[in-house]
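Numbering (the working numbering), first residue to last: 9 to 432. Here's the structure, in structure tokens; my notes come after.
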């Protein structure tokens, strides 16, 4: 019998080990996040400035170091890089147990985040080499689905651990999760990268010339139309989402929901994203990745626009309507992120995976970094409803632009094929 397409990647031992390590590590990351917030707010009784500082130091290394970290990742053995990163992060997270003030905590957080900028491109490159190209969509779907499952289960599990053992017990659990991830990675076989094509060999700069290699990664994105469209559209979409994401609680309050339903709303979106990831992994190959991404942008835009419109006109309707809307919004989010990861890996040769993914991550994080400030300014001037409405319209426009790129690409492909035949 034919295997379920979604599970194809799990038939490869290397990916199974990566997947198990990611599952444990992702859960640990959410325990760590919850513990830090708990200590800052409830133990040290610090306010918004401390929380903002925590967010800044968590993302800043990804902006500053992410684009250049990929150059080193392409030089180093990927398996060894990930194992060392896990071991270093295990030590840094464990040190949080003895952090006596916010300043020590922020230093440890920024160091752990800096190490992660090397781990993530190495993971992308290792996935690229762990499964054949026809199973890349399955691998990315499973990876994103596990991240979303951890996002749903992690805070709940973290709450239990914090309740029973205190916030510092969560740091110990996260440290152990990194050690477990390193253990799984240690069993990975040595992955041999596919041989580069002649065109790729001509594009690759001489080893040892750091900035030539850095520019080669940036130039590669610019020269690949589909890859450039995917990176730019995802970066802009994440920026737009970042303008309203931190105001979700305020939006629900304006719609007449009390605080008890906030977690339910977040869970509905998370569940929708999990289901969407499974659906894309199973049937996504029937569609163009960019078309799926465009559909996702449009779907999220419709959801956010309706929420904004509901706030503006004070629309208090049947609560299950919003629940269904959030669930569908989660499906749309999956349509955005799963095909993006697949397209990034499919369009990038394995030997450049570190540079390209590191550059893409850095660009996207830079966009996300500035978004909350813009959203807060718009909310102060025009209200939360207008933030959601404008963001919804903007996402619709992004989706429309990506759809136009798809149409122009599909028109250009037959012309290129015809010219090739005539040339022969």
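No residue lacks a Cβ here, since even glycine has one placed at the ideal position from N, Cα and C.
- Minimum length 3: unbroken beta strand (DSSP E) runs contained in the region 342-383: Qualifying beta strand (DSSP E) stretches: none in this window.
- Item | Complete runs of the alpha helix (DSSP H) confined to the region 34-95 [at least 4 residues] | 56-72 and 74-83, all fully within the region 34-95.
- Message: For the alpha helix (DSSP H) containing residue 157, name the first residue and the last one.
- Response: In the chain shown, residue 157 corresponds to position 149, counting from 1. For residue 157, the enclosing alpha helix (DSSP H) stretches over residues 144-173.
- Between the Cα of residue 151 and those of 308, 387 and 15, spot the shortest distance and give me the residue it belongs to. On the chain shown, position 143 is the one that residue 151 refers to. Comparing alpha-carbon positions, the option among 308, 387 and 15 lying closest to residue 151 turns out to be 15.
- For residue 288, does the count of other Cβ atoms within 10 angstroms reach 16, so buried, or fall short, so exposed? Your numbering for residue 288 matches position 280 in the chain shown. Buried is the call here.
- Is the beta carbon of residue 373 less than 7 angstroms from the beta carbon of residue 67? Taking the chain shown and counting its residues from 1, one reaches residue 373 at position 365. Taking the chain shown and counting its residues from 1, one reaches residue 67 at position 59. Contact: yes.
- At which residues does the alpha helix (DSSP H) containing residue 218 begin and terminate? Counting from one through the chain shown, the residue named residue 218 turns up at place 210. Residue 218 -> alpha helix (DSSP H) spans 218-231.
- For residue 127, collect the residues of the same chain with a Cβ closer than 8 angstroms to its Cβ; drop the 5 residues on either side in sequence, then sort them by chain order. Residue 127 sits at position 119 when you count from the first residue of the chain shown. These residues qualify, in order along the chain: 89, 90, 93, 94 and 97.
- Query: For the alpha helix (DSSP H) that contains residue 115, what are its first and last residues?
  - Reply: One-based indexing of the chain shown puts residue 115 at position 107. First-last of the alpha helix (DSSP H) with residue 115: 110-138.
- Message: Could you tell me the alpha carbon to alpha carbon distance between residue 214 and residue 103, rounded to whole angstroms?
- Response: Locating residue 214 in the chain shown gives position 206, where the first residue counts as 1. Locating residue 103 in the chain shown gives position 95, where the first residue counts as 1. Note that residue 214 has pLDDT 45, beneath the 50 cutoff, so the model's placement of it is unreliable and no number is given.
- Query: Using the rule of at least 16 other Cβ atoms within 10 Å of the residue's Cβ for burial, across every protein chain shown, is residue 388 buried or exposed?
  - Reply: Within the chain shown, the letter at position 380 stands for residue 388. Taking all protein chains in view, the Cβ of residue 388 is surrounded by fewer than 16 other Cβ atoms within 10 Å, so the residue is classified as exposed.
- Contact check, residue 81 vs residue 129, beta carbons under 7 angstroms: The sequence position of residue 81 within the chain shown is 73, counting from 1. The sequence position of residue 129 within the chain shown is 121, counting from 1. In this structure, residue 129 lies closer than 7 angstroms to residue 81 by Cβ.
- Collapsed DSSP secondary structure at residue 462 in the structure displayed: What is shown of the chain runs 9 to 432, which leaves residue 462 out entirely.
- Message: Just to confirm before moving on: does the CB-CB distance between residue 401 and residue 301 stay below 7 angstroms?
- Response: Stepping through the chain shown from its first residue, residue 401 is reached at position 393. Stepping through the chain shown from its first residue, residue 301 is reached at position 293. Contact annotation: residue 401 and residue 301 have beta-carbon atoms that are not nearer than 7 angstroms.
- When the Cα atoms are used, what is the spatial distance from residue 143 to residue 391? Here residue 143 corresponds to residue number 135 of the chain shown, with the count starting at 1. Here residue 391 corresponds to residue number 383 of the chain shown, with the count starting at 1. Whole-angstrom Cα-Cα distance: 45 angstroms.
- Please go through the same chain and pick out, in chain order, the residues whose beta-carbon is closer than 6 angstroms to the beta-carbon of residue 346, but skip the five residues on each side of it. For the purposes of this step, residue 346 is taken as residue 338 along the chain shown, with counting starting at 1. Contacts found: 148, 149, 152, 285 and 288.
- Report all residues from its chain with a CB closer than 8 angstroms to the CB of residue 51; omit the five preceding and five following residues, and keep chain order. In the chain shown, residue 51 corresponds to position 43, counting from 1. Once the five neighbours on either side are set aside, the close Cβ partners of residue 51 are 175.
- Item | Sequence-distant residues of the same chain with beta carbon closer than 6 angstroms to residue 399, five excluded per side | Here the question's residue 399 lines up with position 391 in the chain shown. Hits under 6 angstroms: 248, 251, 252 and 312.
- Query: Could you give the residue range of the alpha helix (DSSP H) that holds residue 296?
  - Reply: Locating residue 296 in the chain shown gives position 288, counting from the first residue. From DSSP, residue 296 is part of no alpha helix (DSSP H); its letter is neither H nor E.
- Task: Please work out which residues of its chain come closer than 8 angstroms, Cβ to Cβ, to residue 263, disregarding the five sequence neighbours upstream and downstream, and give them in chain order.
- Result: For the purposes of this step, residue 263 is taken as the residue at position 255 of the chain shown. Contacts found: 315, 318, 319, 323, 324 and 330.
- Message: Here's the rule: buried if 16 or more other CB atoms are within 10 angstroms of the residue's CB, otherwise exposed. What is residue 416?
- Response: Here residue 416 corresponds to residue number 408 of the chain shown, with the count starting at 1. Its Cβ having fewer than 16 others within 10 Å, residue 416 is exposed.
- Do three or more CB pairs link the region 19-26 to the region 295-310 at distances below 8 angstroms? With the cut-off at 8 angstroms, the region 19-26 and the region 295-310 do not touch.
- Message: Comparing C-alpha positions only, which one of 367, 404, 376 and 414 sits nearest to residue 222?
- Response: In the chain shown, the residue the question calls residue 222 occupies position 214. Ranked by Cα distance from residue 222, the options 367, 404, 376 and 414 are led by 367.
- Query: For residue 124, which of 113, 195, 74 and 385 has the nearest alpha-carbon?
  - Reply: Your numbering for residue 124 matches position 116 in the chain shown. Among 113, 195, 74 and 385, the Cα nearest to that of residue 124 belongs to 74.
- Message: Just to confirm before moving on: does the CB-CB distance between residue 170 and residue 178 stay below 7 angstroms?
- Response: By one-based count along the chain shown, residue 170 stands at place 162. By one-based count along the chain shown, residue 178 stands at place 170. Yes; because the gap between Cβ atoms is below 7 angstroms, this pair is in contact.
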